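Basically my numbering = 1-based index in the sequence shown + 423. Note sheet for the following structure.
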Amino acid sequence: MVEQIKVKKSKAADEEVVKDIIEEVPEIVDTWKPATNLGLKVKNGEITDIEDIFNQNLKILEVGVVDSLLPNLSEELLLIGQAKGKFGGGQRRIFRQTQKKTKEGNKIHFLTCAVVGNKNGYVGVATGKSKETVPARDKSKRRARLNLIRVRRGCGSWQCNCQEPHSIPFAVEGKCGSAKITLIPAPKGKGLCVEKECAKILEMAGVKDIWSKTSGQTKTKLNLVNALMDALKNLSQIKYRPEDLKKLGISEGKLKDRTGEEA
Ligand SMILES: [Zn+2]
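This is how it looks when you write it as structure tokens:
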């Protein structure tokens with residue numbers, strides 16, 4: 424019995440140690456040493472909103488900038504590859520596995536595609552490739568943060584006309600390779616009527632209702648995903664008349680900023 428109690432005590436002690444380690448982690452994040460001008464400004468508190476970076480068209484070169492300005496980013500890996508083998512082969516997987524034939528044997532590479540977003544107007548997609556799975560995943564998540572884009576949202580549906588940014592303000596097209604995608608504004612409550620991987624990205628961007636149309640080889644998921652990102656980038660480049668700003672409920676980035684403009 425005494426031994427058991429001792430064991431329990433030591434376990435409790437271990438848990439405390441684990442807790443200490445977990446509590447120490449945020450301090451490690453705080454010890455980020457910025458290497459660029461933009462990073463220094465963010466660290467010193469000169470830039471407190473990611474909106475400023477996008478308004479000035481600055482390039483984000485450090486992961487720390489995104490992590491400190493948008494702390495609650497959610498991550499997801501897209502199903503861009505497929506399983507090999509006879510039995511149930513062809514099932515969708517997060518890693519695309521490719522091989523190069525050499526004298527020494529087959530050289531395997533893994534490629535994966537990550538999405539990060541705050542579900543409120545900011546989203547980023549990137550791929551990562553490596554000889555092993557874990558570095559490929561980490562690389563894709565890091566690069567997705569650097570590829571962050573601001574999504575223009577609004578309500579361009581004639582059935583809805585609610586002037587709230589739950590959809591997109593107008594129809595837009597994007598393409599990559601033969602894969603083409605057209606995004607069309609949908610009324611409130613419609614949901615995301617798109618291919619599943621594209622729906623994951625739009626959900627991360629904070630778009631709730633959309634209709635879509637695709638053409639070309641949409642089986643090539645990576646091209647379809649790139650086509651969607653192309654469409655989302657085109658969305659921000661199209662010019663609109665000032666009177667349409669309120670009519671279509673156009674909002675760039677976070678929802679909070681739009682209410683600030685109105686007040
Ligand atoms: Zn609406």
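In this text, a Cβ means the ideal position worked out from N, Cα and C, and glycines have one as well. Keep in mind that this is a model prediction, so the values were computed, not measured.
DSSP has Leu500 in a bridge; who is on the other side? Ala537
Can you grab the Cα-Cα spacing for the pair Ala549 / Ala559, in whole Å? 11 Å
Any chance the region 621-634 sits against the region 536-547, with 3 or more Cβ pairs inside 8 Å? yes
Should Leu461 be labelled buried (16 or more other beta-carbon atoms within 10 Å of its own) or exposed? buried
Measuring CA to CA, which of Val488, Ser638 and Glu485 is closest to Glu618? Ser638
For ligand 1, is there any heavy atom lying closer than 7 Å to the beta carbon of Cys386? Outside the displayed span of the chain (424 to 686) sits residue 386, for which this structure offers no information.
Are the Cβ atoms of Arg516 and Ala506 separated by less than 8 Å? yes
Thinking just about the alpha-carbon of each residue, which of Phe510, Arg573, Gln586 and Ile572 is nearest to the one in Leu668? Gln586
Excluding five sequence neighbours on each side, which residues of the same chain lie with their C-beta closer than 6 Å to the C-beta of Pro608? Gly579, Ser580, Ser590 and Ile591
Would the beta-carbon of Lys611 be found less than 7 Å away from any heavy atom of ligand 1? yes
To the nearest angstrom, report how far apart Gly513 and Leu502 are at their CA atoms. 12 Å
For Val486, the nearest candidate out of Leu569, Leu496 and Leu658 (CA to CA): Leu569
Examine ligand 1 and report whether any of its heavy atoms sits within less than 7 Å of the Cβ of Ser674. no
My understanding is that Pro588 touches Arg576, with C-beta atoms under 8 Å, so please give their C-beta distance in whole angstroms. 4 Å
Which one of Ile624, Leu678, Glu666 and Leu671 has the shortest CA to CA distance from Asp653? Ile624
Could you tell me the distance, in whole angstroms, from the CA atom of Val488 to the CA atom of Ser497? 16 Å
Would you mind stating whether Ser601 and Gln640 have Cβ atoms separated by less than 8 Å? yes
Excluding sequence positions up to five away, which residues of its chain have a Cβ less than 7 Å from the Cβ of Glu555? Phe533
Counting C-beta neighbours from all protein chains within 10 Å, is the total for Val595 16 or more, i.e. buried, or is it exposed? buried
Bridge partner(s) assigned by DSSP for Pro608: Ile633
Are Cys658 and Cys621 closer than 8 Å when you measure CB to CB? Correcting the residue identity first, residue 658 is Leu in this sequence and not Cys. Their beta carbons are not under 8 Å apart, which means Leu658 does not touch Cys621 by this criterion.
Nonlocal neighbours in the same chain, by C-beta distance under 7 Å from Asn495, ignoring five residues either side: Asn541
Ligand 1 and Glu485: does any heavy atom of the ligand fall closer than 7 Å to the residue's C-beta? no
Just mark Arg664 as buried or exposed, buried being the case when its beta carbon has 16 or more other beta carbons within 10 Å. exposed
Within 8 Å, strictly: CB atoms of Tyr545 and Ile476: no
Ordered list of alpha helix (DSSP H) runs contained in the region 613-660, each at least 4 residues: 619-628 and 644-660
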